[in-house]
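Asker: My questions will all concern the structure given below.
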Amino acid sequence: MTPPDRKNPYNFDEYIEWRRNVDYYRDDPFIQKVVKSICGELWEQADSAARRISPKVSFDWRDMSQAIARPENRPYIQHYDAHRHRIDRIVRPAQILTMEKEVFAEALFSDRTHPWIKLVKMYLIYQNGEACTSCPLVCTEGLVAVLEKFADTPELRRILTHCKEGIDGDFGMGAQFISEAQGGSDIPSNLLEAVETDGNWRLYGNKFFCSATHADYAVVTAKPAGSDTVAMFVVPSWLPGDKVREQRNHITIDRLKWKMGTSELPTAEMTFNGATAYPVGPLERGVANVVGIVLTLSRLTVGLSGAAVMTRAAREALKYAEFRQAFGQPIGQFPMLAGQLDWIAASARRTTAGAFKLYREFLQLDGGLKGGLAFDEKNEQMNKRRFDVRELIMLQKIAASWDATDVLRAAMSVLGGHGVIEDFSDLPRLFRDAAINELWEGPRNVLLTQIYRDLQRVREWYPPAEFVDRILSGTDASVIRQLSEEITELILHADLFRPGEQAREICARWDKFCHRLVHEYQDLAAAGIEAGNT
Ligand SMILES: Cc1cc2nc3c(=O)[nH]c(=O)nc-3n(C[C@H](O)[C@H](O)[C@H](O)COP(=O)(O)OP(=O)(O)OC[C@H]3O[C@@H](n4cnc5c(N)ncnc54)[C@H](O)[C@@H]3O)c2cc1C
2 MTPPDRKNPY NFDEYIEWRR NVDYYRDDPF IQKVVKSICG ELWEQADSAA RRISPKVSFD
62 WRDMSQAIAR PENRPYIQHY DAHRHRIDRI VRPAQILTME KEVFAEALFS DRTHPWIKLV
122 KMYLIYQNGE ACTSCPLVCT EGLVAVLEKF ADTPELRRIL THCKEGIDGD FGMGAQFISE
182 AQGGSDIPSN LLEAVETDGN WRLYGNKFFC SATHADYAVV TAKPAGSDTV AMFVVPSWLP
242 GDKVREQRNH ITIDRLKWKM GTSELPTAEM TFNGATAYPV GPLERGVANV VGIVLTLSRL
302 TVGLSGAAVM TRAAREALKY AEFRQAFGQP IGQFPMLAGQ LDWIAASARR TTAGAFKLYR
362 EFLQLDGGLK GGLAFDEKNE QMNKRRFDVR ELIMLQKIAA SWDATDVLRA AMSVLGGHGV
422 IEDFSDLPRL FRDAAINELW EGPRNVLLTQ IYRDLQRVRE WYPPAEFVDR ILSGTDASVI
482 RQLSEEITEL ILHADLFRPG EQAREICARW DKFCHRLVHE YQDLAAAGIE AGNT
């Protein structure tokens, strides 16, 4: 019996106080176990680096991420200064400028930062959502990787140093502008034109989705005049000395998009009016290099950030379910909700374990991915390992980004109506960001189709059943048998493009199959961690 009380004393203080003091690393035994079992000899260093940065991420950067997400703090564009100069200044709140400086000062892509330390720091940083840092970080990582391979001029080498090691304490930031109005998935349909005069390249035309618009440099795809092949360029936003004058490199920012998620991050529509551009890598290998180097890293990161936001959602939903009462008992004790909470927590654990395991496999590839489809007669095992990692990166991207929205929606519903109140909880913002993660860096259908094609292309030397067997080695034999039989049957279909009922049915089965395959891989990784395997 609850008698009336006009002074209703109810408050959320206990929950809010707990949430305010949660340290993302110190208070998460599972991620500590993951680091210990997966990071190999380096685990102690990764663990102490994570403990050092975690209070900064969990308290200072968390608060800044919340503040910059408020509608009144969204970025906007100022096209002209007071003296009739076109400047296209992106105006962002002071908190983001501070946070960005601090995050980039971590020198995550420097030679002095081991990849495991980078990864665990990124995992913590991503728990704050996009926050105008996740996208620029991964774009910078992609730019560094491309330049490490191809920087062959003083200009490109300077850009590499700026982004990787910093110059006088200032770290350069990268972006990637690939998508155009007529196509994002279909990169070969790019129309941006690259014109060479006396060895100098300039770009003309439009790009339609340019995130991290405020970055110093961008990887840009364009077609050399008269050619139908996409090449890759690095384009500085300002030429040396022009940034202080706010005079852009013959680029105008036409508009900032109004987006559902990642709202703190500027995403622009741009026109290139003769921007100076530096070609990177062979001109005819633009698509291969963008996909093989830049997008591969972004896709790995989408997997990791899916794990990070699910971890945060699970933590906050589980605690709320202990705190909140309904009908006289904590809501977490209702079997209906308890089951949902178990699923939320298991999803976060499996995605985290899978992301770290896959990253280890990626790091262990001697010589990198090399496209992942290369066939070296002398090294059959390495061919297969490369292929496994290439496919798992795409598989993880589609599953983790999809699961993240499901998990966040479920976590929001644990908080009931409060779960969708933006200044009560960060979960709605993380949910909106997660919906974007699912779209960029290769939408689901495009990746499902690519994986299917890859398996068909290699089946002579790597039958699909063997692929399943290898990536799930250690899983229950009956599961492997069932999945091997199904993949063999599915891959027999000629292609996924032929219109008709049969292709639709195969596509639907392929979609479900791939999602399940990732979950089996992730569950295996999580079970290994729980069992203390290294
Ligand atoms: C907030 C935001 C920020 C972005 N920032 C950037 C950025 O900084 N740089 C950048 O280059 N891009 C950026 N993008 C663009 C993003 O990468 C593209 O939206 C994405 O690649 C998809 O391209 P599209 O939008 O043209 O869709 P489309 O390619 O037209 O796809 C539409 C639908 O068709 C499906 N489809 C396409 N091809 C196939 C196929 N072969 N088989 C089956 N189905 C298919 C897709 O899966 C999708 O469902 C951003 C997007 C968003 C939403």
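Mind the numbering: the sequence shown is residues 2 to 535 in our numbering, read in order.
Positions of the beta carbon are idealized from the N, C-alpha and C atoms, including for glycine.
Could you tell me if Trp441 is buried or exposed, where buried requires 16 or more neighbouring beta carbons within 10 angstroms of its beta carbon?
Answerer: buried
Asker: Could you please give the first and the last residue of the uninterrupted alpha helix (DSSP H) stretch that includes Asn384?
Answerer: 381-415
Asker: Are Thr222 and Asn191 close, meaning C-beta to C-beta below 7 Å?
Answerer: yes
Asker: Just to check my reading of the structure: Tyr77 and Leu301 have Cβ atoms closer than 8 Å, yes? What is that Cβ distance to the nearest angstrom?
Answerer: With 8 Å as the limit, Tyr77 and Leu301 do not qualify as a contact, their Cβ atoms being about 32 Å apart.
Asker: Please confirm whether Thr263 and Glu131 have their CB atoms less than 7 Å apart.
Answerer: yes
Asker: Classify Phe328 as buried or exposed, calling it buried when 16 or more other Cβ atoms lie within 10 Å of its own Cβ.
Answerer: exposed
Asker: Which residues mark the beginning and the end of the beta strand (DSSP E) in which Leu204 is found?
Answerer: 201-212
Asker: Can you give the Cα-Cα distance for Glu502 and Asp496, rounded to whole angstroms?
Answerer: 13 Å
Asker: Fully enclosed by the stretch 68-121, which alpha helix (DSSP H) runs are 4 residues long or longer?
Answerer: If only uninterrupted alpha helix (DSSP H) runs of at least 4 residues are considered, those enclosed by the stretch 68-121 are 95-105.
Asker: On the premise that Met100 lies in contact with Trp62, defined as a C-beta separation below 8 Å, what is that separation, rounded to the nearest angstrom?
Answerer: 5 Å
Asker: Just to confirm, does Phe514 get its C-beta within under 6 Å of one of the non-hydrogen atoms of ligand 1?
Answerer: no
Asker: Looking only at its chain, what residues have a beta carbon closer than 6 Å to the beta carbon of Ala412, apart from the 5 residues adjacent to it on each side?
Answerer: Ala314, Ala318, Ile345, Leu428
Asker: Measuring CA to CA, which of Phe376, Pro225, Ala47 is closest to Asn201?
Answerer: Pro225
Asker: Determine the DSSP secondary structure at Val235, reduced to helix, strand or coil.
Answerer: If DSSP states are grouped into helix, strand and coil, Val235 belongs with the strands.
Asker: Going by other Cβ atoms of all chains shown within 10 Å of its Cβ, with 16 needed for buried, is Ala349 buried or exposed?
Answerer: buried
Asker: Tell me whether Arg71 is buried or exposed, calling it buried when 16 or more other Cβ atoms sit within 10 Å of its Cβ.
Answerer: exposed
Asker: Going by DSSP, what residue range makes up the beta strand (DSSP E) through Ile188?
Answerer: From DSSP, Ile188 is part of no beta strand (DSSP E); its letter is neither H nor E.
Asker: Pick out whichever of Met395, Leu144, Gln183 has its Cα sitting closest to the Cα of Ala213.
Answerer: Leu144
Asker: Please state whether DSSP places Lys8 in a helix, a strand or coil.
Answerer: Three-state DSSP puts Lys8 in coil, outside helix and strand.
Asker: Is Phe432 a contact residue of ligand 1, with contact defined as CB to any heavy atom under 6 Å?
Answerer: no
Asker: So, at 8 Å on beta carbons, what are the nonlocal neighbours of His520 in its own chain, with the 5 sequence-adjacent residues on each side left out?
Answerer: Its chain contains Arg351, Ala400 as the residues whose beta carbon lies nearer than 8 Å to that of His520, once the 5 sequence neighbours on both sides are disregarded; these appear in chain order.
Asker: Reducing DSSP to helix, strand and coil, say where Gln334 ends up.
Answerer: helix
Asker: Bridge partners for Arg499 per DSSP, in chain order?
Answerer: Beta-bridge pairing links Arg499 to no other residue.
Asker: Would you call Asn9 buried or exposed, if buried means 16 or more other Cβ atoms sit within 10 Å of its Cβ?
Answerer: With a threshold of 16 other beta carbon atoms within 10 Å, Asn9 falls short and is exposed.
Asker: Excluding sequence positions up to five away, which residues of its chain have a Cβ less than 7 Å from the Cβ of Val421?
Answerer: Met413, Pro429
Asker: I need the straight-line Cα distance from Glu194 to Val235, nearest angstrom please.
Answerer: 14 Å
Asker: On the DSSP bridge list, what partners appear for Ile160?
Answerer: Ile160 has no beta-bridge partner at all, per DSSP.
Asker: Report back the beta-carbon spacing between Val231 and Val288 to the nearest angstrom; my notes put them in contact at under 8 Å.
Answerer: 5 Å
Asker: Where does the unbroken beta strand (DSSP E) through Leu374 begin, and where does it stop?
Answerer: Element bounds for Leu374: n/a, residue is neither H nor E.
Asker: Is the beta carbon of Val23 sitting closer than 7 Å to the one on Val121?
Answerer: no
Asker: When you compare only the Cα positions, how much space is there between Asp255 and Gly242?
Answerer: 23 Å
Asker: Using 7 Å as the threshold, is the C-beta distance between Leu448 and Met383 below it?
Answerer: no
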